[in-house]
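Going by the working numbering, the first residue of the sequence shown is number 8, and it counts up by one from there.
Ideal Cβ placement from N, Cα and C applies to all residues, glycine included.
Read through the structure below, which is laid out as structure tokens, and then see the notes.
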Amino acid sequence: MSSFIFPAPAPTTLPVTNSTAVFPVGRVYCIGRNYRWSQDEATSPEMPAWFMKPANAVVQAQGALPYPPSTDDFCHEIELVVAIGRGGRNIAAAQVEAHHIWGYAAGLDLTRRDLQQQAKRAGGPWEAAKAFDHSAPCTPLVPVTVCGHPKQGAIWLTVNGMERQRADLADLLWPVPELVAMLSRSVTLAPGDLIYTGTPAGVGSLQPGDVVQGGVADIGQFSMTVGNTNHGPSITSTGDSP
Ligand code: MN
Numbered sequence: 008m009s010s011f012i013f014p015a016p017a018p019t020t021l022p023v024t025n026s027t028a029v030f031p032v033g034r035v036y037c038i039g040r041n042y043r044w045s046q047d048e049a050t051s052p053e054m055p056a057w058f059m060k061p062a063n064a065v066v067q068a069q070g071a072l073p074y075p076p077s078t079d080d081f082c083h084e085i086e087l088v089v090a091i092g093r094g095g096r097n098i099a100a101a102q103v104e105a106h107h108i109w110g111y112a113a114g115l116d117l118t119r120r121d122l123q124q125q126a127k128r129a130g131g132p133w134e135a136a137k138a139f140d141h142s143a144p145c146t147p148l149v150p151v152t153v154c155g156h157p158k159q160g161a162i163w164l165t166v167n168g169m170e171r172q173r174a175d176l177a178d179l180l181w182p183v184p185e186l187v188a189m190l191s192r193s194v195t196l197a198p199g200d201l202i203y204t205g206t207p208a209g210v211g212s213l214q215p216g217d218v219v220q221g222g223v224a225d226i227g228q229f230s231m232t233v234g235n236t237n238h239g240p241s242i243t244s245t246g247d248s249p
């Protein structure tokens with residue numbers, strides 16, 4: 008049996024409501040625009056785009072929210088998060104809820120918006136804008152056995168007590184079963200995969216010291232405080248070659 012060159016990292020996990028068991032996070036898929044941001048906005052017949060974040064971008068939505076480097080426009084996006092419990096490919100939308108979704112949570116798809124705008128102008132990839140450390144805070148997961156499959160209810164976010172985002176899950180342009188089916192036509196979904204399902208109107212910037220609160224009705228809510236932009240001395244991560 009082979010030994011590791013350095014200790015393999017522990018899996019990223021999320022707590023589960025009313026349980027001591029934790030949910031091991033696999034891959035993190037994020038859905039692009041999936042709410043109407045204005046009343047007169049034409050809806051595309053195309054399914055929304057998707058992108059990814061690394062599993063270790065997922066952190067518990069509590070306490071301090073580090074202000075990331077390399078940006079002057081750190082933005083919030085509140086989203087319903089779907090947790091996959093049984094994987095598969097070419098999954099029929101009608102089978103998704105009964106067989107493939109393990110639970111739900113409320114999450115933040117944090118975005119370095121300035122880098123995203125640069126990437127859009129250049130036709131380049133979005134990773135620098137989306138796939139950074141601590142960029143996917145998430146509340147504890149609620150199993151489907153507890154919450155069922157939410158079809159309506161408020162999704163909201165405030166900054167320093169001022170409302171920034173408020174919509175209803177009923178406003179999702181592409182419902183969750185369609186999103187899961189769509190992804191499963193491109194990749195083989197696996198237990199542990201998370202899907203951030205898109206954010207409603209009202210995205211905006213965060214500043215150091217801001218208190219960010221948000222949630223999804225009957226699923227979860229959180230409060231985090233944005234840290235300062237001083238990243239301190241350089242840190243050498245563990246796992247580097249000696
Ligand atoms: Mn998003």
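Rounded distance between the beta-carbons of residue 55 and residue 39, thought under 8 Å: As a first step, residue 39 must be located in the sequence shown, where it is residue number 32. As a first step, residue 55 must be located in the sequence shown, where it is residue number 48. Confirmed, about 4 Å.
Identify whether residue 189 lies in helix, strand or coil by the three-state DSSP scheme. Your numbering for residue 189 matches position 182 in the sequence shown. If DSSP states are grouped into helix, strand and coil, residue 189 belongs with the helices.
Short check: CB of residue 44 to CB of residue 208, under 9 Å? Reading the sequence shown from its first residue, position 37 is the one you call residue 44. Reading the sequence shown from its first residue, position 201 is the one you call residue 208. Yes. Within cutoff.
Check residue 172 in the structure and name its three-state DSSP category. Taking the sequence shown and counting its residues from 1, one reaches residue 172 at position 165. Strand at residue 172.
Contacting residues, own chain, Cβ-Cβ under 7 Å from residue 180 (five flanking each side not counted): Counted from its first residue, the sequence shown places residue 180 at position 173. Setting aside the 5 residues that flank it on each side, residue 180 is surrounded in the same chain by 41, 42, 43 and 50, each with a C-beta closer than 7 Å to its C-beta; the list follows chain order.
Could you check what DSSP says for residue 118 in three-state terms: helix, strand or coil? Locating residue 118 in the sequence shown gives position 111, where the first residue counts as 1. DSSP places residue 118 in strand when its eight states are reduced to three.
Compare the C-alpha of residue 136 against each of 103, 23, 124 and 146 and name the closest. To locate residue 136, count along the sequence shown from 1; it is residue 129. Closest by alpha carbon: 124.
Contact check, residue 20 vs residue 32 under 8 Å by CB: the rounded distance? Counted from its first residue, the sequence shown places residue 20 at position 13. Counted from its first residue, the sequence shown places residue 32 at position 25. Correct: roughly 6 Å between the Cβ atoms.
Are there any heavy atoms of the ligand MN lying less than 8 Å away from the beta-carbon of residue 206, as far as the coordinates show? Residue mapping note: residue 206 aligns to position 199 of the sequence shown, counting from 1. Yes.
Would you call the CB atoms of residue 149 and residue 226 closer than 9 Å? Here residue 149 corresponds to residue number 142 of the sequence shown, with the count starting at 1. Here residue 226 corresponds to residue number 219 of the sequence shown, with the count starting at 1. Yes, they are a contact pair.
Any non-hydrogen atom of the ligand MN within 8 Å of residue 226 CB: Position 219 of the sequence shown, counted from the start, is the residue given in the question as residue 226. No, since every heavy atom of the ligand MN falls outside the 8 Å radius drawn around the Cβ of residue 226.
Compute the distance between the beta-carbons of residue 232 and residue 210, then report whether it is under 9 Å. One-based indexing of the sequence shown puts residue 232 at position 225. One-based indexing of the sequence shown puts residue 210 at position 203. Their beta carbons are not under 9 Å apart, which means residue 232 does not touch residue 210 by this criterion.
Just to confirm, is the Cβ distance from residue 98 to residue 188 under 9 Å? Taking the sequence shown and counting its residues from 1, one reaches residue 98 at position 91. Taking the sequence shown and counting its residues from 1, one reaches residue 188 at position 181. Yes, they are a contact pair.
Roughly how many angstroms separate the alpha carbons of residue 167 and residue 220, rounded to a whole number? The sequence position of residue 167 within the sequence shown is 160, counting from 1. The sequence position of residue 220 within the sequence shown is 213, counting from 1. Cα to Cα, the separation comes out at about 8 Å.
DSSP beta-bridge partners for residue 38? Here residue 38 corresponds to residue number 31 of the sequence shown, with the count starting at 1. Residue 38 is bridged to 57.
CB of residue 1 to nearest heavy atom of the ligand MN: below 8 Å? What is shown of the chain runs 8 to 249, which leaves residue 1 out entirely.
Inter-residue Cα distance where the pair is residue 176 and residue 10: Within the sequence shown, numbered from 1, the residue matching residue 176 stands at position 169. Within the sequence shown, numbered from 1, the residue matching residue 10 stands at position 3. Roughly 47 Å separates the two Cα atoms.
For the beta strand (DSSP E) that residue 67 lies in, which residues bound it at each end? By 1-based counting over the sequence shown, the position of residue 67 is 60. For residue 67, the enclosing beta strand (DSSP E) stretches over residues 65-67.
Per the DSSP calculation, residue 228 is bridged to which residue(s)? Position 221 of the sequence shown, counted from the start, is the residue given in the question as residue 228. Answer is 222, bridged to residue 228.
Opening and closing residue of the beta strand (DSSP E) in which residue 161 lies: Along the sequence shown, read from residue 1 onward, the residue named residue 161 stands at position 154. 161-166 is the extent of the beta strand (DSSP E) around residue 161.
Helix, strand or coil at residue 183 according to DSSP, with G and I counted as helix: Indexing the sequence shown from 1 puts residue 183 at position 176. Helix, per DSSP.
For residue 233, write down the residues that DSSP places opposite it in a beta bridge. Along the sequence shown, one-based indexing puts residue 233 at 226. DSSP output for residue 233 lists 72 as bridge partner(s).
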